[in-house]
Amino acid sequence: MAIRAALLVASAFAVAAGAILAARRLPAWTPTAALRASFATAAPDWLARLEQDETQQACSRYRNAPPKVVADAILAREKTRITYPADGKLMGDWKKGEALAQSGYGGRYTDVPASAPNGGNCYACHQLDPRELSYGTLGPALAGYGKIRAFAPAAVQDVYKRIYNPQAAIACANMPRFGANAFLTIDQIRDLVAYVMSPESPVNR
Ligand code: HEC
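Under this note's numbering, the residue at position 94 of the sequence shown is numbered 532, and the numbers go up by one with no gaps.
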């Protein structure tokens, strides 16, 4: 008897679970739909960050390996989103750049309202100054980056572009578009270029 009762209870649960699942069946599940559902009560300017732009949509669709024609279209579009300083100077103050490379400030719940400028958080993904012990490895090591390139002006230009908008260099880059997304200013980006490229910077000593 006890076994029959247990079986009855178990099958009742199975029927109920099936009904609940059927009722909750969502339309097509996508990561974007899941994100929207998770942040349903977020402020509108936060919700806007969940909407992919054309470039992100293309990279998602092709799992970051778009066919050449799509990749070329991304590179061309993202190039138009780079702004250069009016005075043409691409290097600022490496000391300020060092502080920015170390700072992960900005864009977090705890940073609203903002009480400091956004940081570049470069150390989250890169080694830079070889004496710094704490760094991430998602991006390549950048110790000696300027020195290895003989501090060439073309390399300075490349680094400026790379920080301003990495997706103008690699269609589906894994690095944030700091300038194109207005997360860092032109002056901050110049300071970061100096940190990576100047002979005086500890990155190159
Ligand atoms: C979220 C991780 C991440 C952050 C933060 C990040 N990067 Fe990167 N970076 C990458 C990755 C990954 C690459 C390799 C190419 C790619 O996929 O974008 C890269 C490539 C680079 C390159 C080109 C290296 C080469 O191959 O010649 C430079 C220069 C660079 N990053 C500088 C910076 C600086 C300066 C900062 C801070 C403002 C920064 N990165 C922040 C992930 C990151």
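Quick reminder that beta carbons are idealized off the backbone N, C-alpha and C, glycines included.
Computed from a prediction, not measured in an experiment: that's the story for all the values here.
Short of 7 Å in beta carbon distance, which residues of its chain neighbour residue 474, apart from the five on each side in sequence? Order them along the chain. 488
Within a Cβ cutoff of 7 Å, which residues of the same chain sit near residue 531, ignoring the five residues on either side of it in sequence? 629 and 632
So is residue 527 buried or exposed if we call it buried at 16+ other beta carbons inside 10 Å? exposed
Ordered list of beta strand (DSSP E) runs contained in the region 494-555, each at least 3 residues: none
Between residue 634 and the ligand HEC, is there a pair consisting of the residue's CB and a ligand heavy atom that are separated by less than 7 Å? yes
Is the separation between the beta-carbon of residue 583 and that of residue 573 shorter than 8 Å? no
For residue 602 and residue 579, what's the separation of their Cα atoms in angstroms? 19 Å
Close-in-space but distant-in-sequence residues of the same chain around residue 577 (CB under 7 Å, 5 per side omitted): 563, 564 and 613
Backbone CA spacing between residue 622 and residue 492 [nearest angstrom]: 21 Å
Should residue 637 be labelled buried (16 or more other beta-carbon atoms within 10 Å of its own) or exposed? exposed
Compute every distance between the C-beta of residue 530 and the non-hydrogen atoms of the ligand HEC, then say whether any falls below 7 Å. no
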